[in-house]
Each structure stands twice: as C-alpha cells, then as structure tokens.
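Numbering follows UniProt numbering, in which position 166 of the sequence shown is assigned residue number 166; successive positions increment by one, without gaps. All residues carry an ideal CB built from backbone N, CA and C; glycine is no exception. Model, not experiment: these values are computed from the prediction.
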Amino acid sequence: PQLTGRGVPLIEAARELVGKALGHMPLGRVCLLTQARSWGLSFNPVSFFYCHEADGTLAAILCEVTNTPWGERYSYVLPATGEGHQHFAVAKAFHVSPFLPRDLEYRMSFSQPAERIGVHMADWQGELKMFDATLNLTRQQLSRKTLHRYLIAYPWMTAKTCLAIYWQAMRLLVKRIPIFSHQAADGDYRAAAAQPKDSRHEKQ
C-alpha cells in the first residue's frame, strides 16, 4: 500500500486501507502472498494481503495490483464473509494491459489461506470472458533452506516475470490486437462486492 512510502509499517498500511474502504479495520494477523525480491529486483503484478479479525476469522483480502512499465499501484479491497471459498465481483478501475479495455468486470474466487491456497481471477465484458488466470500453491515453511531452494529452482524469477509480460505483448502486437491507451486510475482503491457462497463467480 502507498502508505508505506510515508513510513507506515506494511501491516498497519494494509489494515488502514481495508478500514478506509470497508468501514471496519481488522486487527488480527495479516498474511501476504507475493513474489519475493530476486537478486535485487522486485515486481509483483498482484500481491494478496489476507487480513484477519482478532479471533482468526478472515475479514478481507486486499489485492494490490502493479502495472508495467508505468510502475503504478492500485488496490481492490474484498470483504470476506467468513469460512469457505470467497467469491467477489468488482468493476475494473486501473489500467494494467494495453490489450484489455477499461469496461471490464473482475470476478474472483479465493480459497481460505491454509496448507493449500487457490486464487482464480477472470476479466469479463458483459457475457464474454476476455482473460483468466489461476494460481494453486502449497504452503512451505519460510526458512533459509526453503529460500535457498527457491533461488536454485527459480533463478531470476522477477526478471522472467517481466520478460514474459513483454514477450506476450510483442506477440499480441504482431497479431495486430487492438491497443487501448493508458487512462488514469479511478482513485487509489475500490471495494468489491461479495457474491453469495452458493453462486459461481463465473457465468456459464
């Protein structure tokens, strides 16, 4: 969150933004799912802050999105509704890709943060799905051993992420995919709407 630039600790910045967006500040633990800095390089297309109440209940998920090459950040604040999978919908408010228009709706699904974690995000324009991405991970204890294993298994991961983004952009340019110009973000954050637990986050 941008508040860290003013010297606010990261955990307090996340809580403060959630409180500002949702009208309630959770005071429990905050778990961060992000890509670690690699060889001095840091870039995360999206980072997820799982914010809990003091009793351990998941209260909100803060999605911090970063675009490139502009280096801008924007936050979507998702109000969790207790146990089980969480489903959300929110209108796009921040320029990420020049190949996707602004008039999109994000539909997102999250599992509870546990030994395994899953995230699914899809961009919809009316009844047309324009893009989707899925993340499925298994939790590992953070230690010097696991960090060394990570560096060996995924060297230069940050650089690979950036190169993959620009490589895909070049491929789309060759295909003459329409380009949408950069637009200023709508504010600094946007709160999402929670969807019913028995509803799918994607229309069939």
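Taking a cut-off of 8 Å for Cβ pairs, the stretch 178–191 and the stretch 73–81 touch, as three or more such pairs fall below it. Judged by their CB atoms, Gly-28 and His-52 are nearer to each other than the 8 Å cut-off.
CA-CA distance, Gln-141 to Met-130, rounds to 36 Å.
Short of 6 Å from the beta carbon of Thr-138, and not among the five residues preceding or following it, lie these beta carbons of its own chain, in chain order: Arg-116.
Distance from Trp-124 to Leu-104 at the Cβ level is roughly 6 Å; contact confirmed, criterion being Cβ atoms closer than 8 Å.
Shown here, Trp-156 sits in coil according to DSSP, grouped into three states, outside any helix or strand. The bridge partners DSSP lists for Trp-124 are Glu-105, Lys-129.
In the DSSP assignment, the residues bridged to Leu-58 are His-52. In the three-state DSSP reduction, Gln-140 falls in the coil class, being neither helix nor strand. DSSP links Glu-64 through a beta bridge to Ser-47, Ser-75.
Sixteen is the threshold: since fewer than 16 other Cβ atoms of the shown chains lie within 10 Å of the Cβ of Val-174, the residue is exposed.
Assignment of His-87 by DSSP, reduced to helix, strand and coil, places it in the strand class.
Each of Gln-195, Met-108, Gln-112 was checked against the Cα of His-120, and the nearest Cα belongs to Met-108. Nearest neighbour of Gly-126 by Cα position, chosen from Cys-162, Lys-92, Leu-147, Leu-33, turns out to be Lys-92. As computed with DSSP, Cys-31 is found in a beta bridge with Tyr-50. In this structure, the straight-line span from the alpha carbon of Val-90 to that of Ala-192 is close to 5 Å.
Residue pairing of Val-119 in beta bridges, as defined by DSSP: Phe-110, Leu-135. Judged by DSSP in its simplified three-state form, Ala-21 adopts helix. A distance below 8 Å between beta-carbons, with the five flanking residues on each side excluded, links Thr-146 to the following residues of its chain, in chain order: Gln-140.
A distance of 8 Å or more separates the beta carbons of Phe-48 and Ala-14.
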